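Each remark here refers to the structure printed beneath this line.
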Amino acid sequence: MEWLSSRKPKLGEVKLTYKDKSFRSSQNYTCTSYTEQKAPQEGGNEKGKDVVIREMTSSSDEDDTSVSTPPADGMSKPAERKDSVWSLGEGAPEESEKRDDDAQRSTLFVEKPQSGTVSVGGNITFIAKVEAKDLLRKPNVKWFKGKWMDLASKAGKHLQLKESFERHTKIHTFEMQIIKAKENYAGNYRCEVSYKDKFDSCSFDLEVTESSQAAPSIDIRSAFKRSGEGQEDAGELDFSGLLKRREVKQQEEEPEVDVWDLLKNANPSEYEKIAFQYGITDLRGMLKRLKRMRREVKKSAAFAKGLDPAYQVDKGGKVRFMVELADPTVELKWYKNGQEIRPSAKYIFEHKGNQRILFINNCTMTDDARYYVTAGDEKCSTELFVRDPPILVTKGLEDTSTYVGERVELSCEVSEDDANVKWFRNGVELSNDPKSRYRIKVEGKKHTLVIEEAAKNDTATYSVMTTGGQSEAKLSVDLRPLKISLALEDQTVRLGQEIHLKCEISENVEGKWYKNGQLIEASDRVKLYHKGRIHRFVIPVSAVDDEGEYMFVPDAYNINIPCKVHIVDPPKLHLDGLGENNTVTVVAGNKLRLEIPITGEPPPKVFWSRGDKMVTDSGRIRAESYPDSSCLVIDAAEREDSGPFRITLKNEAGEDTALINIKVVDVPDPPQAPNVTEVGEDWCIMTWEPPANDGGSPILGYFIERKKKQSSRWMRLNFELCKETTFEPKKMIEGVAYEVRVFAVNAIGMSKPSMPSKSFVPLAVTSPPTLLAVDSVTDTSVTMKWRPPDQIGAAGLDGYVVEYCFEGSIRCSGCQAETNQAENLKEQGFGQASFDGFSQGISTDQSEELGEPPFNLEADEWIVANPELTDKTKFTINGLPTGSKILVRVKAVNAAGESEPKYHPQPILVKEVIEPPKIRLPRHLKQTYTRRVGETVNLVIPFQGKPRAKVSWEKNGSPIDKNDINIRNTEQDTIIFIRKAERGHSGEYDMKVEVENLVDKATIDIQIVDRPGPPEVVTIEDVWGENVNLSWKPPKDDGNAAITGYTIQKADKKSMEWFTVIEHYHRTSATINELVIGNEYYFRVFAENMCGLSEDATMTKESALIAKDGKVYKYPVYDDFDFSERPLFTQPLVNTFAVAGYNATLNCSVRGNPKPKITWMKNKVLIMNDPRYRMFSNQGVCTLEIRKPSPYDGGTYTCRAVNELGEAEVDCKLEVRVIYHGVINPGEPLSLAGDNQLHSGLSFFKLLMDGVPPHIIDSYMREVQADKTEGK
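The sequence shown runs 390 to 1661 under this note's numbering.
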């Protein structure tokens, strides 16, 4: 290893060069320089610098530089140094023994606090900065003075600690600011920062300068004092008295006492007494040092005699450290707080043989530190304590006499300002607690004990004690003559109001209160007040027992002040135990017994009422009275019992009343039936509304249950309350109908279940549509038709999506196969027309036989032909270019999504094919079509013909007036519509359909009929005996229909009441028989056709008199016939079946006299007030109509007839069947078009009531019927 210097350093410059490639250890070095005064040389005076480089074992002292002051004038150094000297020293000493064992730690400081100088009264700030880049939280920073004093507890008006954080640079800044510095603030300070396992520290010095004042002497014992609480300088930077300026006084020398020797030899129980006597407040710190001093010291090889464990010196004195070396040639170094001590006027080194001596002159508080000396690898350490002189009592206490209640001040003066002084009363120390009646006041050197209002028991001996002396005095407190300024007065107080007794005496003395000779003590109810000369007795709320004679007796005086208190007790209700707003809650069905305590003298009368109604002492709701309470009883509380009840008390002293709210709580009402808003494959989303009545208690949540529709077993879905009004049941079986219900829960319990929701079925996509074929083709459009999917499932079917693409947009992989297949069809004899039908897909059967196409139909882009779903199985694709070929596919859509597409097997050529016109006249229009006047005529005549068939109408050879008759034409049919038919609409209507040059015609005969007019003339042709012969002429207006008969009526001239004698008579003359002899009759005739009777009748102008022929007619005598009969069914009910969704009727006939009462039963259960059933009874015929029955309406129905003579019953069985695919029985195949081919591909309709839309079934049945008609 060698040190090289490339050039000579300039003045004040030091350069270090290190050259050793094999040296790999990491070491820190510190350069310490100081200026040394040298003797004058030739050429002038020069100042040299000594530089020392020390290897550091800890980063805590890295970059620390200590500058020592030059020696005083006239003194020379033991060894002169002409040039800068570099040396590798030993490791720096640690701060404490614990720090000796710590491993090397990381450096945290970015900027360390620097030593500084401040004048007395000035301000100075020390700044430390820590980088927070690698720190997760703020580091812990502490400031110390000397070795042990933590400055955090001294923060106040002379010391402020601040911290801040700069987010951009991520640096923590810590500041210590000293305000209005005093001379005693000078000394060594230390800043420590720690974060987890990292630690760093830095020492710095503060020098306080004063121009013309000598440095004050400071005692070590005053260094442990704390600033007094509540005093003017509370919270100051009182480094145990180090920062207090003191005036040096000449004091008599006292024999020096070594506190360490006292503590070593004293009993531990006397430690506190010694600490106070010698001004030591940091007793715990001294005991820790004492413990370290008692440790057994190992024998040292370097030191024959080491330093003592501790040294003590007065401020301004001189101390001597001496060690004896075993080897005098060993190099010796002295250190103070880890910094090497250089020789100076303050520090003087002496060598006497093997002895090495260090003198420290003019000791100050900055010299209070830890010192050690090193010899080779060994060291020896000690502690130096600098103490202040003791505090003396310069002016003692004086004896004092006073009266009770006077202010007393006991004062003394001590030798130091703001010194620590303790006060004693009869040997017991007095504290300066704010709650104490003794107050200690400090004004510089003057200390005063203040008693604001002296009492008799304050008579005692008071003493004051300091570290250097004590003084005592006697205080005597006597009583003054007592006078009554204000006597007590008799009072009358209402019960519950305040009792306030007040008296005033001439002296401020305590006293006692008595009631009826018994001593009264202060309590929560009884308040006793004493302020000065006034005494008060207060009971905020009076009671009956408070009545009596009261008396106040002052202490130490033989005087009493009496008075009387009388309590008036009006009636009072005590409602403390009731809830808010006097509300009492009871569960429905329970018994409520509400007891209200009452007071009053004499006992008051109690009245309970609810609204305007009084509550009596009997019944379900009753009132019970007792001497000290009244009770309201409600048996089996109901919701209707909720409401306010008023209780009123009355007696001679007054009255009291209150409203008590009775709240009856119950389980909530069941919620409304839930709604299933969304359905998935095995899940659904259900919502519901909260119940209308929560039972008087808030709803806590809901329980949800579900079941299969055909089952009666409900299953709970949640075992924790659902707080919301929506829920998602899962794990359901697709295709099975479910129902859900809800329970509401409050604090009382669970409600009844809600009504089940409408049944729902988890959804799944359908299978592809079937039988996709071409229905028609034009030059710009193609019409496709298909059959519904084989499997729809419970989700039903919402509609279809039709998509197409042009042949050029597919990647054809089997075009040659298509050509070969077409040639095979030609060879089989299909011809060109058949081949065209194959290529265009017109033949449904042939296209279905070909199956799926042999080429790949992965199109680059499919075009949606219908943006909105179509529910029909036929759709026309418009806007296609003529001559192009398209591919078509259809997908079924339901709530679960789109199915797999169904492809048409062949490309379709967009080119129109001519189809001859053909009118398919319905069978009922091939004969005369008859309607009545006022009825609606709506005729639909289908036809065929392509392209663009033209339809025209004529009536009786003339064009039809479209304002009178509406004609609407489509591509497949034409409709003739007459809203209100008139007789003028009758005639022959000619229909003509034209397709290019081809024509088809049809004729429809429409006849509009009305009721006929009356016959023209009715005459009486002859009258003989009891007979009259009438004749008439047919009516002029037959109503456009043949006359089917006449109705003849007669009326007696006296009453003119008409009675029908002949109906539906076909001739124009008639003989009326069995007329009453002696009566005179008129006759009238009505005409009748298919529409009914004529509105008016033609009456004979003359009457016919049936004359008497002289014979006396004797009327026969008949006995009255008894028509009474018990009910008897003449036509019973018959077993039958009905189709689900269509009305069904059950009929029977019954007779009986009196008329029997008819009732209907289902499965022996009476049918009443059910809107699904209607019952009729007319002329003995009984009818039960069942509206749109379902399979659950099947069963045994009974008709019962009852009258006073007996009863009769008749029953039958009704079976309700469901239509599956247009057949009655499930699973039965459906035969189409009269051929023997069976199609079972529509087995997806499993349950009509499980969600299959009715319009789909209706559309399918129409197609089946149309196919059957075409086949016939």
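Where a beta carbon is used, it is the ideal one built from N, C-alpha and C, also for glycine.
These numbers come from a predicted model, not from an experiment.
From the DSSP output, in three-state form, read off residue i for me.
| i | result |
| --- | --- |
| residue 754 | helix |
| residue 1334 | strand |
| residue 946 | coil |
| residue 430 | The predicted position of residue 430 is uncertain, since its pLDDT is 38 and thus under 50; a value taken from the coordinates is nonetheless stated next. Note: residue 430 maps to strand in three-state DSSP. |
| residue 1062 | coil |
| residue 1557 | coil |
| residue 1305 | strand |
| residue 566 | strand |
| residue 1464 | coil |
| residue 1015 | coil |
| residue 1431 | coil |
| residue 664 | helix |
| residue 543 | helix |
| residue 1445 | coil |
| residue 621 | Note that residue 621 scores 40 on pLDDT, short of 50, meaning its location in the model is unreliable; the coordinates nonetheless yield the value given after this. Reduced to three states, the DSSP call for residue 621 is coil. |
| residue 1694 | Nothing about residue 1694 can be read from this structure; the chain reaches only from 390 to 1661. |
Please name the residue in the options whose C-alpha comes closest to that of residue i.
| i | options | result |
| --- | --- | --- |
| residue 878 | 862, 820, 1563, 939 | 939 |
| residue 537 | 726, 712, 552, 1578 | 726 |
| residue 579 | 520, 552, 535 | 535 |
| residue 747 | 777, 713, 767, 718 | 713 |
| residue 1255 | 1273, 1279, 1482 | 1279 |
| residue 881 | 648, 694, 933 | 933 |
| residue 1359 | 986, 1077, 1335 | 1335 |
| residue 721 | 766, 736, 703 | 766 |
| residue 555 | 1390, 521, 1192, 1467 | 521 |
| residue 1576 | 723, 1530, 830 | 1530 |
| residue 1285 | 1191, 1344, 1186 | 1186 |
| residue 924 | 831, 736, 1474, 894 | 894 |
| residue 1523 | 845, 1536, 1130, 1557 | 1536 |
| residue 1443 | 1453, 1465, 1457 | 1465 |
| residue 545 | 569, 1078, 1381, 740 | 569 |
| residue 810 | 797, 799, 859 | 859 |
| residue 888 | 868, 911, 929 | 929 |
| residue 689 | 983, 566, 1602, 769 | 769 |
Spatial neighbours of residue i within its chain, please: C-beta separation below 6 Å, excluding the five flanking residues on both sides.
| i | result |
| --- | --- |
| residue 1552 | 1584, 1585 |
| residue 1074 | 1066, 1067, 1117 |
| residue 951 | 940 |
| residue 916 | 927 |
| residue 799 | 786, 838, 851 |
Just to check my reading of the structure: residue i and residue j have Cβ atoms closer than 8 Å, yes? What is that Cβ distance to the nearest angstrom?
| i | j | result |
| --- | --- | --- |
| residue 1290 | residue 1157 | 6 Å |
| residue 1139 | residue 1149 | Going by Cβ atoms, the distance from residue 1139 to residue 1149 rounds to 24 Å, so no, they are not a contact pair. |
| residue 1026 | residue 1036 | Going by Cβ atoms, the distance from residue 1026 to residue 1036 rounds to 18 Å, so no, they are not a contact pair. |
| residue 782 | residue 803 | 6 Å |
I'd like the list of long-range same chain contacts for residue i, defined as Cβ closer than 8 Å, with 5 residues on each side in sequence excluded.
| i | result |
| --- | --- |
| residue 1119 | 1071, 1072 |
| residue 1451 | 1435, 1436, 1437, 1459, 1461 |
| residue 719 | 691, 764, 765 |
| residue 979 | 1025, 1026 |
Report whether the distance from the Cβ of residue i to the nearest heavy atom of the ligand SAM is below 8 Å.
| i | result |
| --- | --- |
| residue 952 | The ligand SAM is not among the ligands present in this structure, which contains no ligands whatsoever. |
Please list, in chain order, all residues of the same chain as residue i whose beta carbon is under 7 Å from its beta carbon, the five residues on each side excluded.
| i | result |
| --- | --- |
| residue 1655 | none |
| residue 1426 | 1401, 1402 |
| residue 863 | 788, 850 |
Q: Output the residue ranges of the beta strand (DSSP E) runs that lie fully inside the stretch 1078 to 1140 and measure 3 residues or longer, sorted by chain position.
A: 1088 to 1097, 1127 to 1135
Q) Where are the beta strand (DSSP E) runs, 3 residues long or more, that stay fully inside the stretch 945 to 1013, in chain order? A) 950 to 957, 972 to 976, 981 to 988, 994 to 999
Q) Of all the beta strand (DSSP E) runs that stay within the bounds of the stretch 1502 to 1548, which reach a length of 3 or more residues? A) 1514 to 1520, 1525 to 1528, 1533 to 1542
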